[in-house]
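Engineer:
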Ligand code: GDP
């Protein structure tokens, strides 16, 4: 899929940071170098790479020491923030609907970018949301473009307005183009708006012509259509596989038609993904949608933050990091670490830690947010949330003295505890055994690892 090699390369860059306790300038520069190479190999434009890595370096050098995040996590968070920013200031940009319908959406881009396909998807998506869209075939350049849009419209169940005799259909509604002038896309576009007003279509999606390369005739035509219908949105459709040409093309269309938003198409292919980063960055225009296949439903609303986390393969790392920052009680953690080091960490402390973690959300969603976890989906699916409920119940059935020193729990007490918490004796035994092992391990590791986290449980 798109970005997969970029993802691998970036996580490699971070991997080298993991064992470090504190980051030196040299550490940061090493990581930045790897990030730069990863981005360039993903076809991100050089100018974009430069400013992107420049900002990351500056912020990484200026980071304060945090107790909630280790240095590697902080760098990841900075990269994540910057990536989200590059992809659209971090905020979703919804489609801009006109106050007075119809909302006019014009599609622009090179030939083969995916405009016609997108028209169908967008129509289908809008219809599904309760709108009444109309597709307009204003691409009169390419021989089959009109027919192709009609096929797409039919599949989507959305009517198509096209400049051909008896052209219409479907979605149940007959749409004809009376008095059309074949070959004049501006007139087709203008007439379609009149028709939409008359027949109460609330959105009009105008498919325009593209050429294989940017040229002035094409651009002038797009401008003429734009000036004739005054679209609420001009969406620039760009093939994510276009690579280094992305910047030049995007700039040309930005100057040519001053588009309002970007749609990335063919994100399903093994595009290296650089186009996405470059286009948003160079034009400063938001990405609204992503097209991810040839089917009608292969279409997504674009979320900069989710795309950034997908690129970094980290589930929703930001959410996790921010929740951790909010919830993580540093004082508590220090005390717990202290106890671990002194071998005084009891089951009551364990229970407290469990609850700290649980404040963050369900274990399953928490595990899903951990970088690299995407590869372990199956294990994640099998993770049984009730296991933690059971663990909690067992600990709660113990006396305070027993929690502090589980060694005093004898056979009859184990049976009582099992009865009290609704589990079997062997489940109680298993928990105690795991805790004992974990306690030993913590004692051994505590000097090195500090607040090592939660002793093992589960499975
Ligand atoms: P247009 O010239 O801009 O109208 O581009 P088209 O809509 O005709 O698309 C060009 C080709 O790309 C067609 O073969 C489409 O089926 C294909 N295509 C469009 N969008 C996608 C997409 O998101 N993924 C994939 N895999 N193919 C796409």
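Residue numbers (our numbering): 1 to 459.
From the three backbone atoms N, C-alpha and C, an ideal C-beta is built for every residue, glycine too.
The structure displayed is predicted, hence computed values, not measured ones.
1. Check whether the Cβ of residue 294 sits closer than 6 Å to any heavy atom of the ligand GDP, and report yes or no.
2. Whole angstroms is fine: what's the gap from residue 440's alpha carbon to residue 336's?
3. Between which residues of its own chain and residue 114 is the CB-CB distance below 7 Å, once the five residues before and five after are set aside?
4. What do you get for residue 281, buried or exposed, if any count of 16 or more other CB atoms within 10 angstroms of its CB means buried?
5. What does the Cβ neighbour count give for residue 36, buried or exposed, with the cut at 16 atoms within 10 Å?
6. Tell me where the beta strand (DSSP E) around residue 106 begins and ends.
7. The ligand ZN and residue 113: does any heavy atom of the ligand fall closer than 6 Å to the residue's C-beta?
8. Taking the continuous beta strand (DSSP E) assigned at residue 309, which residues delimit it?
9. Whether or not the stretch 129-147 and the stretch 190-208 are in contact is what I'm after, with contact meaning three or more pairs of Cβ atoms, one per stretch, closer than 8 Å; do they touch?
10. When you compare the stretch 24-35 with the stretch 8-15, are there three or more beta-carbon pairs, one atom per stretch, that lie closer than 8 Å?
11. Decide if residue 218 is buried, meaning its Cβ has at least 16 other Cβ atoms within 10 Å, or exposed.
12. Please work out which residues of its chain come closer than 6 Å, Cβ to Cβ, to residue 15, disregarding the five sequence neighbours upstream and downstream, and give them in chain order.
13. According to DSSP, is residue 392 helix, strand or coil?
14. Just the C-alpha distance for residue 235 and residue 30, rounded to the nearest angstrom, thanks.
15. Give the DSSP bridge partners of residue 482, in chain order.
16. Could you check where the alpha helix (DSSP H) with residue 56 kicks off and where it finishes?
17. Any chance the CB of residue 147 is under 6 Å from a heavy atom of the ligand GDP?
18. At what residues does the beta strand (DSSP E) containing residue 242 begin and finish?
19. Between 433, 285 and 428, which has its C-alpha nearest residue 393's C-alpha?
20. How about residue 484 and residue 228: do their beta carbons lie closer than 7 Å?
21. Using the rule of at least 16 other Cβ atoms within 10 Å of the residue's Cβ for burial, across every protein chain shown, is residue 95 buried or exposed?
22. Using 8 Å for Cβ pairs, my map puts residue 76 next to residue 56. What's the rounded Cβ distance?
23. Report the three-state DSSP secondary structure of residue 350 (helix, strand or coil).
24. Look at the alpha carbon of residue 3 and the alpha carbon of residue 126, and state the distance between them as a whole number of angstroms.
25. Taking contact to mean at least 3 C-beta pairs separated by less than 8 Å, is the stretch 253-261 in contact with the stretch 84-92?
26. Between 244, 104, 438 and 309, which has its C-alpha nearest residue 192's C-alpha?
27. Are residue 432 and residue 406 touching if we call contact CB-CB under 7 Å?
28. Given residue 177, which residues of its chain have a CB within under 7 Å of its CB, disregarding the five upstream and five downstream residues?
29. Going straight from the alpha carbon of residue 22 to that of residue 53, what length do you get?
30. Around the Cβ of residue 159, are there at least 16 other Cβ atoms within 10 angstroms (buried) or fewer (exposed)?
31. Work out the CA separation of residue 241 and residue 437 for me, nearest whole Å.
32. Excluding the 5 residues preceding and the 5 following residue 169 in the sequence, name in chain order all residues of the same chain whose CB lies nearer than 8 Å to its CB.
33. Hey, is residue 266 close to the ligand GDP, as in C-beta under 6 Å from one of its heavy atoms?
34. Are residue 287 and residue 262 closer than 7 Å when you measure CB to CB?
35. Could you check what DSSP says for residue 290 in three-state terms: helix, strand or coil?
36. Ends of the alpha helix (DSSP H) at residue 85?
Structural biologist: Short version:
1. Yes, the beta carbon of residue 294 sits closer than 6 Å to at least one heavy atom of the ligand GDP.
2. C-alpha separation (whole angstroms): 15 Å.
3. Same-chain partners within the cutoff: 237, 239, 265, 266 and 291.
4. Residue 281 comes out buried.
5. Residue environment: residue 36 is assigned as buried (16 or more neighbouring CB atoms within 10 Å of its CB, all protein chains considered).
6. Bounds of the beta strand (DSSP E) holding residue 106 are 103-108.
7. With respect to small molecules bound, the structure shown includes the ligand GDP and not the ligand ZN.
8. For residue 309, there is no enclosing beta strand (DSSP E); the enclosing alpha helix (DSSP H) covers residues 304-311.
9. Yes, the stretch 190-208 touches the stretch 129-147.
10. Verdict: yes, contact present.
11. Answer is buried; the Cβ neighbour count reaches 16.
12. Contacts found: none.
13. In this structure, DSSP gives residue 392 a helical state, which the three-state scheme calls helix.
14. Here the C-alpha atom of residue 235 lies approximately 39 Å from the C-alpha atom of residue 30.
15. In the structure as shown, the chain begins at 1 and stops at 459. Residue 482 is therefore absent and cannot be evaluated.
16. Element bounds for residue 56: 46-61.
17. Outside the cutoff, so no.
18. Looking at the DSSP string, residue 242 is not in any beta strand (DSSP E), and its letter there is neither H nor E.
19. It is 428.
20. Examination of residue 484 is not possible in this model, given that the chain is present from 1 through 459 alone.
21. Residue 95 counts as buried, since no fewer than 16 other beta carbons sit within 10 angstroms of its beta carbon.
22. 11 Å between Cβ atoms; not a contact.
23. Residue state, collapsed to three classes: helix.
24. Note on geometry: alpha-carbon atoms of residue 3 and residue 126 lie some 28 Å from one another.
25. No, they do not touch.
26. The shortest C-alpha separation from residue 192 is found at 104.
27. Yes, these two residues count as a Cβ contact at 7 Å.
28. Low confidence applies here, because residue 177 scores a pLDDT of 46, under 50, leaving its location unreliable; read the following figure in that light. Around residue 177: 161, 162, 163, 167 and 191.
29. If I take the Cα positions, the gap works out to 20 Å.
30. By the 10 Å Cβ count, residue 159 comes out buried.
31. Going from the Cα of residue 437 to the Cα of residue 241 covers about 52 Å.
32. For residue 169, the predicted structure reports a pLDDT of 42, less than 50, and the residue's modelled location is therefore unreliable. A value from the coordinates is still provided. Answer for residue 169: 150, 153, 154, 159, 160 and 175, listed in chain order.
33. The ligand GDP has a heavy atom closer than 6 Å to the beta-carbon of residue 266.
34. Their beta carbons are under 7 Å apart, which means residue 287 touches residue 262 by this criterion.
35. When DSSP states are grouped into helix, strand and coil, residue 290 belongs to the strand group.
36. Where residue 85 is concerned, the enclosing alpha helix (DSSP H) starts and stops at 71-86.
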